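Residue numbers (my numbering): 852 to 969. C-beta atoms are modelled at their ideal positions from N, C-alpha and C, and glycine is treated no differently. Source: prediction; values computed, not measured.
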């Protein structure tokens, strides 16, 4: 997944079920949480290579944020930004009325729109 993020120049992935409904989100922050976990039981700093290899083999469901906050396709820009500020998130999946994923909005997207409206 980290490789896909690099190749696609993506900072996150939305995890969906077979019906296309949001089940989770994986962001760069989720990867940082894995790397920042204590790696040696003795408390000695530094990462143990075998431990990092084990972490790299973790599956998406082990690192994703489950049931992320979402916004609706007909929410206003103000509602979206309020939601992002309230929950301190930088990416929010956009869903339709059946909860199927349509896309994702980032703070960068919001700033771009505000600059264009400017």
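Requested in this report: Could you work out which residue in 871, 869, 883, 931 is closest to residue 863 when comparing CA atoms only?
Outcome: Looking only at 871, 869, 883, 931, the smallest Cα-Cα distance to residue 863 is reached by 883.
**Report entry** One or two residues paired with residue 864 in a DSSP bridge
**Finding:** Bridge pairing for residue 864: 877 [DSSP].
Query - Contact belief for residue 919 with residue 954 at Cβ below 8 Å, rounded distance in angstroms - result: Wrong, their Cβ atoms sit about 14 Å apart, outside the cutoff.
Report task. Name the two residues that bound the continuous alpha helix (DSSP H) containing residue 910. Result -> Per DSSP, residue 910 belongs to no alpha helix (DSSP H) and is neither H nor E.
Query raised in the report: Excluding the five sequence neighbours on either side, which residues of its own chain have a C-beta within less than 8 Å of the C-beta of residue 917, listed in chain order?
Result: Closer than 8 Å at Cβ, skipping near neighbours: 874, 875.
Query raised in the report: What is the DSSP secondary structure of residue 795, counted as helix, strand or coil?
Result: In this structure the chain extends from 852 to 969, so residue 795 is not present and cannot be described.
Requested in this report: For residue 951, name the three-state secondary structure that DSSP assigns.
Outcome: Taken through DSSP and simplified to helix, strand or coil, residue 951 comes out as strand.
Query raised in the report: In this structure, what does DSSP give as the bridge partners for residue 919?
Result: Residue 919 has no beta-bridge partner at all, per DSSP.
Query - Integer-rounded CB distance, given that residue 931 should sit under 8 Å from residue 961 - result: Going by Cβ atoms, the distance from residue 961 to residue 931 rounds to 7 Å, so yes, they are a contact pair.
**Report entry** Bounding residues of the alpha helix (DSSP H) (the contiguous stretch that carries residue 960)
**Finding:** Residues 958-968.
Requested in this report: Can you have a look at residue 921 and say buried or exposed, based on whether 16 or more other CB atoms are within 10 angstroms of its CB?
Outcome: Its Cβ being crowded by 16 or more others within 10 Å, residue 921 is buried.
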